[in-house]
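Have a look at the structure below before the remarks.
Protein chains: 2
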Amino acid sequence: MSTREKILHTALELINDKGYVHVGVREIGRALKKSPGNISYHFSKKEDILIALLEQYRETNSALYEDYFAGQPSAHRFLELMKGIFDSQFRYRGVFIGNQFVKEEIQSGNRYDYRATYQQRLSGFTRIFRELRESKHLQVSDEDIEFLVAHIALVGRFWIYEATLFDKSPNQESTVKHYLDLLARQISLFATPLGAQDISEFRVSQE
Amino acid sequence: MSTREKILHTALELINDKGYVHVGVREIGRALKKSPGNISYHFSKKEDILIALLEQYRETNSALYEDYFAGQPSAHRFLELMKGIFDSQFRYRGVFIGNQFVKEEIQSGNRYDYRATYQQRLSGFTRIFRELRESKHLQVSDEDIEFLVAHIALVGRFWIYEATLFDKSPNQESTVKHYLDLLARQISLFATPLGAQDISEFRVSQE
DNA sequence: GCTTGCATTAGTACATTGTACTATATTTGA
DNA sequence: TCAAATATAGTACAATGTACTAATGCAAGC
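Structural data, given as structure tokens:
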């Protein structure tokens, strides 16, 4: 593992534990027995660490989406996809919660074009729901799809904020299960009998 | 207006504009032509400013809830309540977005018992939905109510994060309208014909 | 085997930040 | 009017992010 990777690994652990603001560059260095100047060498700004972690997260997720689109659309597989995404978000929770600091980066789009990724994800979900309509898992109008996409964009991004709001270190399994369950309920409001069966099978498989 | 109130007022403006982290105590002082030591006198910690603003927000909202519960339950009045809350959240948006810093406060509950307020709000929503069921505006099971409360707890808290994620200073009216609309759609999934009419009347009144 | 160039690391210095502390000024109340 | 409380200014200090410089390690080429 390269020093750069070690820094990212240690930083993520510390950030998940204590929050981005409360993790100093010197602290990361201390944990790795490196000087602060050396951390500076690999990541000239502290924000760069956050950006790099976001990038890792994005790549993980892209793989999950690719997997999904490689197979047949179904409500069950959709929920499996979302479980993968939620697990991944949990793993990078400190990054999301500390993302106030990358907001200007996000907004400027200089180093990391988050907006493009975001738009890509939104159209990905639109495609997913359209395919689930075609495969008779969902019974939705175009307006419904728009609504569901807006819903999943918000809930799918911010559930981890809520989960860590009162509980500093929540249990991953039960937390992810809880929010997946809410999502499953939301989807089932638009499900055909086929889709509903698929969803309930998924929920049983998560017991 | 007392100095304390002036500080809060100026701080909120600056925080909404630039974000909590990027507003220094000296900057607030400069804007008010006060020394940093004086700011320190009124708020010995910078976080205290955030806590005080949260307290202001909480009081505003408590008044809105009281108003609602003083009248007859209806889907229309419920959405009016939510509009009031959303407007208020928009006004304090910087506080919410910067609340990573009060998280430890929230979690410890030493100075500000946010958890209690939160629980109170949740049971408030439970009551609201139960009353809307009794008044034949909603057709919901107890499980549905639990689901709706979980939904509104998350969406109602974090829509403002999403709204300011890509757009640094979004338009209040259109933003609030957008998220109210999403909420109205969510509620209408469980609405009786009476409730649905109420909701569509509200949406028309917002045009 | 030695040197040259480049990547890495350490050490340090500096501006800025939150905050504590002290001294001065202003207001208040009896 | 004067003492006490409140408010304000000024400053000092530790900690932080970060820029800069010097030292070290290391692989490739002759």
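Order-wise, the sequence lines are chains X and H. Under this note's numbering, think of the first position of the first sequence as -17, with each following residue one higher. Under this note's numbering, think of the first position of the second sequence as -17, with each following residue one higher. From the three backbone atoms N, C-alpha and C, an ideal C-beta is built for every residue, glycine too.
Going by beta carbons, V77(H) and L35(H) fall inside the 7 Å limit. Checking the DSSP bridge columns, you'll see A173(H) partnered with L120(H). Chain-ordered, the chain X residues with CB closer than 8 Å to the CB of A132(H) read L164. Contact between the region 130 to 149 of chain X and the region 22 to 41 of chain X is not established, with fewer than three Cβ pairs separated by less than 8 Å.
With respect to A132(X), L164(H) sits close: the two C-beta atoms are nearer than 7 Å.
Here DSSP, grouped into helix, strand and coil, assigns G1(H) to coil. Cβ-Cβ distances below 8 Å link S70(H) to Y39, T42, N43, L46 in the same chain, with the five nearest sequence neighbours on each side left out; the list follows chain order. Sequence-distant partners of G66(H) (beyond 5 residues in either direction) whose C-beta falls short of 6 Å from its own C-beta, in its chain, are L46. Counting other Cβ atoms within 10 Å of its Cβ, D180(H) reaches 16 or more and is therefore classed as buried. Non-local C-beta neighbours of R115(X) in its own chain, meaning closer than 6 Å and more than five positions away in sequence, comprise V122, ordered along the chain.
DSSP places F60(X) in the helix class (H, G or I) of the three-state scheme. Secondary structure within the region 17 to 43 of chain X: not one fully enclosed beta strand (DSSP E) run of 3 or more consecutive residues is present. In the three-state DSSP reduction, K15(H) falls in the coil class, being neither helix nor strand. As the crow flies, the alpha-carbon of Y50(X) is around 20 Å from that of K159(X). In this structure, the CA atom of E189(H) is about 29 Å from the CA atom of Y100(X).
Exposed is the label assigned to N153(H), since fewer than 16 other Cβ atoms lie within 10 Å of its Cβ. Chain order gives the chain X residues near V137(H) as H133, L136, V137, F140, where near means a beta carbon separation below 9 Å. Each residue's CA atom was taken as its position, placing K15(X) and G6(X) some 14 Å apart. Each residue's CA atom was taken as its position, placing I(-3)(X) and E128(H) some 33 Å apart. Counting along the chain, the unbroken alpha helix (DSSP H) around G76(X) starts and ends at 75 to 79. Rounded to whole angstroms, the gap between the alpha carbons of I110(H) and F60(H) is 8 Å. Residues of the same chain with a CB within less than 7 Å of the CB of G106(X), apart from the 5 flanking positions on each side, are Y47 in chain order.
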